[in-house]
Each structure stands twice: as structure tokens, then as C-alpha cells.
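Reading through the C-alpha cells given below for one structure.
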Amino acid sequence: MGPLVTAGGGRSGGGGGGAGDHGRVPRRVDRPRHLPLRGIVTTPGEESARRRALWLVDLVRETPVTRRSTPPTVLIDGPSGAGKSGLALALHRLLPGAELVRLDDVYPGWSGLSAGVGAIGRDLLRPRAAGAAGRWRRWDWAASAPAGLVTVRPDRALIVEGCGTLSADGAPPHAVRVWLDADDAVRRERALRRDAGAFDAHWDMWDEQWSLLRRSRRPELTATVVMGERLRVLR
């Protein structure tokens with residue numbers, strides 16, 4: 010595997026920069042030609058979601074399947090408050106016509122992390138890997154009940170974002186797999202502030218589910234791109 014690029018810089022290969030954006034944008038690492046997306050990249054915490062997305066969209070467009078006009082699939086995972094939603098929204102703006110699926114709209118309630126991850130793998134990613142339309146069922150948080158089905162065409166780019174995304178089975182083999190992380194105190198404060206109190210009573214239960222899933226599946230080790238100031242990846 011390619012060398013790890015640390016938050017403060019370090020070994021890298023290839024050029025940097027994304028889509029005309031001047032600034033400190035993460036650079037790609039050298040990686041074996043037969044594993045074109047297995048390099049690992051980290052970016053410092055102060056990088057904006059937009060700058061990360063500008064770099065990421067360049068990577069997406071470089072993938073062999075994208076060059077063959079196969080719509081890309083991007084999976085964005087990491088703990089609550091790591092910056093997944095901001096990155097996904099910024100990337101969505103840079104990929105015209107892309108479908109954005111947020112697992113927050115899929116989980117069947119606060120105890121539904123594993124169920125939501127399983128449903129996304131079974132109903133959305135596995136069909137997509139076979140070239141077919143996928144679907145996902147929206148969860149109505151106000152009614153605490155399942156809502157309508159949403160169909161995702163296979164000829165559209167797809168971004169899936171949320172805790173557990175990289176643990177879903179059946180993802181297309183060419184998917185760009187992104188892992189985000191942040192300091193525990195920072196991400197907790199960010200997540201609780203974002204949800205304006207709705208998350209407070211559920212944080213411990215949710216974090217316990219997340220910790221169990223992460224220990225059992227080790228999703229960060231399946232990532233093709235890693236973004237986080239303090240994250241260390243062992244290969």
C-alpha cells in the first residue's frame with residue numbers, strides 16, 4: 010500500500026490541488042497501479058468541506074470506471090460529528106445529477122444503526138453493483154414509522170453518507186470509500202450543537218451501537234481515502 014500522508018504533510022506522490030481551488034489541498038499518495046484507489050490520505054482538521062470535496066471530486070473523476078462513463082459511487086463514513094454531512098453536501102454540489110442518500114434518513118430510529126446499514130447494503134448497494142436500480146426506504150422520525158421508498162437509478166452518480174456506510178455489504182468494487190474522523194470531544198460538541206438538543210438524550214446509546222459496529226467490522230481499514238487530523242491507519 011502507499012505511504013501514509015500525515016496531517017502536517019509528509020510523503021506523497023502526484024500533484025495536489027483540486028479544480029482550480031488555490032490553497033492547502035490534500036495530495037494523493039503513490040500507489041500500485043493495480044490498486045489505483047488504495048492509497049491513504051489524511052487532511053488536517055482545518056480543511057474546509059469544500060476543499061476536501063474539490064480534491065475528492067478529482068479523485069472520483071480519475072477512477073477507471075468513471076473514465077469508462079460508469080457512474081461513480083462514493084461512500085462516506087465515520088463517527089458522529091466527524092464532518093460527513095458537510096463533505097457529502099459539498100461533493101454533491103460538484104457532481105451534477107448525483108443522488109445523495111443520507112443514512113440519517115434511513116435508520117429506523119435511534120436503535121436502528123445496524124438495521125439501517127443492512128438495508129442500504131441489501132436494497133441499494135448490492136443491486137447497484139449488479140448494474141440495476143437500487144432503493145431505500147425513508148424513515149419518518151416524527152411519526153417513528155417507515156415512510157416511502159426512493160428509487161436510485163444506476164445511471165446516476167451516487168453518494169451515500171452516514172455512520173456505518175463502509176460496513177454495508179454489497180458495495181460496487183469500484184466505489185470510492187471515504188473515512189472521516191475527528192477528536193472525540195470536538196465531534197461530540199459539533200454533533201450535539203448541530204441537532205439543537207435532539208441528540209443529547211440518545212448520544213450514549215448511539216455511540217455504544219457505533220462502537221460495537223466499528224469493533225466488529227473495522228470499517229476504517231476498508232477505506233480508500235482517510236481524512237482526519239489525528240487518525241492513524243495501520244496496514
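The sequence shown lines up with residues 10 to 244 when you count with our numbering. Just so you know, even glycine gets a beta-carbon here, dropped at the ideal spot from N, CA and C. These numbers were taken from a predicted model, which means no experiment stands behind them.
Item, Value
"Val50 versus Ala166 - alpha carbon distance", "Its pLDDT being 46, under 50, Val50 is placed unreliably in this model, and the value from its coordinates should be taken loosely. So the alpha carbons of these two residues sit roughly 23 Å apart."
"For Glu229, the three-state DSSP class (helix, strand or coil)", "helix"
"Environment of Gly106 [buried if 16+ CB atoms lie within 10 Å]", "exposed"
"Thr231 vs Ile85 beta-carbon contact at 9 Å", "no"
"Cut-off 6 Å between Cβ atoms - residues of its own chain near Lys93, not counting five sequence neighbours on either side", "Ile85, Gly87, Glu170 and Leu189"
"Ile168 and Glu229 closer than 9 Å at C-beta", "no"
"Where His31 falls: helix, strand or coil (DSSP)", "With a pLDDT of only 30 at His31, under 50, the local geometry of the prediction cannot be trusted, and no value is derived from it."
"Cut-off 8 Å between Cβ atoms - residues of its own chain near Leu131, not counting five sequence neighbours on either side", "The residue asked about is misnamed: residue 131 is Arg in this sequence, not Leu. Only Asp178 and Gly179 meet the Cβ criterion."
"Touch test, the stretch 217-225 against the stretch 121-128, Cβ-Cβ under 8 Å, three pairs minimum", "yes"
"DSSP-derived helix/strand/coil call for Trp188", "strand"
"When Gly118, Ser89 and Leu134 are compared against Ala152, the one with the closest alpha-carbon", "Gly118"
"Inter-residue Cα distance where the pair is Trp64 and Val234", "11 Å"
"Element boundaries [alpha helix (DSSP H), containing Pro136]", "Arg135 to Ala138"
"Proximity to Val185 [Cα-Cα], best of Pro80, Arg60 and Ala58", "Pro80"
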